[in-house]
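Novice:
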Amino acid sequence: MESNLVYSLFVMGDESKFSSVSVDVTSGQRSVTDIRGFNDWDEVQRVFMWDANNTLFYLIQTNFLASTSDLHNVTLYTVDPVSGLTTAKQIVGLVEEGAVDVPGFAFNYKTNEIIVSVEFAQQDNNTGYRFYSVNPQTAAATLLSTYVSDNDSFAGWFDAISPDGRTLYRWGYQNVFAQLNPGLSVTDISTSTASLTFTGVDIPSGLENYLSLNLVGDEFLSLAPATITGDLRLLKWDLSGGVTSTTPLTNAHNTPFFGPIAEYVNEAQTQYAAIVVSHGVVGALDRWTLFLVDLPSMDVKEVQIDPILLAQADSVAGLGLPI
Numbered sequence: 039m040e041s042n043l044v045y046s047l048f049v050m051g052d053e054s055k056f057s058s059v060s061v062d063v064t065s066g067q068r069s070v071t072d073i074r075g076f077n078d079w080d081e082v083q084r085v086f087m088w089d090a091n092n093t094l095f096y097l098i099q100t101n102f103l104a105s106t107s108d109l110h111n112v113t114l115y116t117v118d119p120v121s122g123l124t125t126a127k128q129i130v131g132l133v134e135e136g137a138v139d140v141p142g143f144a145f146n147y148k149t150n151e152i153i154v155s156v157e158f159a160q161q162d163n164n165t166g167y168r169f170y171s172v173n174p175q176t177a178a179a180t181l182l183s184t185y186v187s188d189n190d191s192f193a194g195w196f197d198a199i200s201p202d203g204r205t206l207y208r209w210g211y212q213n214v215f216a217q218l219n220p221g222l223s224v225t226d227i228s229t230s231t232a233s234l235t236f237t238g239v240d241i242p243s244g245l246e247n248y249l250s251l252n253l254v255g256d257e258f259l260s261l262a263p264a265t266i267t268g269d270l271r272l273l274k275w276d277l278s279g280g281v282t283s284t285t286p287l288t289n290a291h292n293t294p295f296f297g298p299i300a301e302y303v304n305e306a307q308t309q310y311a312a313i314v315v316s317h318g319v320v321g322a323l324d325r326w327t328l329f330l331v332d333l334p335s336m337d338v339k340e341v342q343i344d345p346i347l348l349a350q351a352d353s354v355a356g357l358g359l360p361i
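Numbered per the numbering used here, the sequence shown spans residues 39 to 361.
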């Protein structure tokens, strides 16, 4: 893997293709490789996980076209961004049967495993979650922990994981349905019975709700839009919720209507990357832009992707940095 290349995945709306887009961080020049063997249905995708050691993207989701005779149809998709080849393996070892929901997943490079959550219906019809460790090479799953509750705390939805893969972090509302009390959910899956704690966090004045959560050491990185302009700020904050630094990203925005933005922190935790939307003269010319942040100094580098990727036509689905 070339050290000056950043890999990304995009659903190319105008071309109706799912593609790997590599960007030279020096020149901004991009090259495109068509992805074969993955059906994106011309739809916005969830953001794929990135394995820098093997230069691969991963996604775990239900395959609704799988045979109904299968016990379940949860599938691990592995995408090689260089060759464009996709492999699909049915995950072996899940307790669940049938078409199940997979709300959360994250790749842990330190342990070479994917932590994934699977929903199940409790006897009282509340939502429970089982957490598995999945081997990305074999697609074999090992049950780690189970969470049951008398209300849906969204424990299975998570944004970041600890280095040992046994603590999960979610940024969001304590009451998701009413969108009340933003904060940090921490789910411990180190034992067979998972436990969850929630800490409310005050949003800094002048900013909207956080859009993301990344774990760096014992602190978090989150993108948050400015209330008036919508320009994104990269916040560094600690477990108590206190913000320790704020870094503005010039002409950086969330997607205008729907679909994700993509972020990644390299394995050395020295560089942060984000692909976000930069506004054009008119909305039809909004484009995707790559931002790189040196974490020790918090210096920002903006990389204009050339040729441009139109934000209202193309949708990002993955981002990865070199080791």
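We put the beta carbon where it would ideally sit given N, CA and C, even for glycine.
1) Who are the near neighbours of Gly75 in its chain, counting only those whose CB is closer than 6 Å to its CB and skipping five residues on each side?
2) If I measure Cβ to Cβ from Asn173 and keep anything under 7 Å in the same chain, skipping five residues before and after, which residues do I get?
3) In chain order, what residues of the same chain have a beta carbon less than 7 Å from the beta carbon of Met39, not counting five sequence neighbours either side?
4) Please report the straight-line C-alpha distance between Asn304 and Gly358, rounded to a whole angstrom.
5) I'd like to confirm the pairing. Which residues does DSSP put opposite Ile241 in its beta bridges?
6) Taking 8 Å as the threshold (C-beta atoms), are Glu246 and Thr265 in contact?
7) Identify which residue in Ile227, Asp190 and Phe236 has its Cα closest to the Cα of Phe215.
8) In chain order, what are the residue ranges of uninterrupted beta strand (DSSP E) at least 3 long that sit wholly in the region 58-82?
9) For Tyr147, write down the residues that DSSP places opposite it in a beta bridge.
10) Compare the Cα-Cα distances from Tyr310 to each of Lys339, Asn146, Val59 and Val130 and report the closest residue.
11) Go to Asn111, then tell me how far its beta strand (DSSP E) extends in each direction, as first and last residue.
12) Among Thr113, Ala349, Ile73 and Val44, which one has its Cα closest to the Cα of Gly321?
13) Kindly list the residues whose CB is nearer than 6 Å to the CB of Ser41, restricted to its own chain and excluding five residues on each side of it in sequence; keep chain order.
14) Could you check the C-alpha separation between Tyr96 and Asn77 for me, to the nearest Å?
15) My guess is that Ala198 and Asn252 are in contact by the Cβ rule of under 8 Å, so how many angstroms apart are they, rounded?
16) Apart from the five residues just before and just after Thr149, which ones in its own chain have a Cβ nearer than 6 Å to its Cβ?
17) State the start and end residues of the unbroken beta strand (DSSP E) segment that holds Phe258.
18) So, Pro294 versus Asp324, is the Cβ gap smaller than 8 Å?
19) Going by other Cβ atoms of all chains shown within 10 Å of its Cβ, with 16 needed for buried, is Tyr45 buried or exposed?
20) Less than 8 Å separating the beta-carbons of Ile299 and Asn289?
21) Verify the CB distance criterion: does Lys148 have a CB-CB separation below 8 Å to chain B?
22) Just verifying my parser: in three-state terms, what is the DSSP assignment at Met50?
23) Can you have a look at Met336 and say buried or exposed, based on whether 16 or more other CB atoms are within 10 angstroms of its CB?
24) Count the other CB atoms within 10 Å of the CB of Thr116; is the residue buried (16 or more) or exposed (fewer)?
25) What is the rounded straight-line gap between the Cα of Thr184 and the Cα of Gly318?
26) For a test of the three-state rule: what should DSSP assign to Leu333, helix, strand or coil?
27) Please list the terminal residues of the continuous beta strand (DSSP E) segment that includes Ser316.
28) Taking C-alpha atoms, which residue in Val85, Val120, Ser58 and Asp240 lies nearest to Tyr302?
29) Roughly how many angstroms separate the alpha carbons of Asp188 and Leu249, rounded to a whole number?
30) For Gln160, which residues from the same chain have a beta carbon less than 7 Å from its beta carbon, with the 5 sequence-adjacent residues on both sides left out?
Specialist: Reading it off the structure:
1) Thr124
2) Glu151
3) Confidence at Met39 is low in this model, with a pLDDT of 49, below 50, so its placement is unreliable and the value that follows should be read with caution. Same-chain partners within the cutoff: Thr93 and Pro360.
4) Straight through space, the alpha carbons of Gly358 and Asn304 are spaced by roughly 8 Å.
5) The partner list for Ile241 (beta bridge, DSSP) is empty, contrary to what the question assumes.
6) yes
7) Asp190
8) 68-72
9) In the DSSP output, where bridge partners are listed per residue, Tyr147 has none listed.
10) Lys339
11) Run containing Asn111: none; DSSP gives neither H nor E here.
12) Ala349
13) Correct list, in chain order: Pro360.
14) 14 Å
15) 6 Å
16) Gly203
17) Glu257 to Pro263
18) yes
19) buried
20) Against a cut-off of 8 Å, the Cβ pair of Asn289 and Ile299 comes out as no contact.
21) Absent from the structure: chain B. Only one protein chain is present.
22) In the three-state reduction of the DSSP assignment, Met50 falls in the strand class, which pools E and B.
23) exposed
24) buried
25) Each residue's alpha carbon lies about 47 Å from the other.
26) coil
27) Gln309 to Ser316
28) Val85
29) 28 Å
30) Gly166 and Val186
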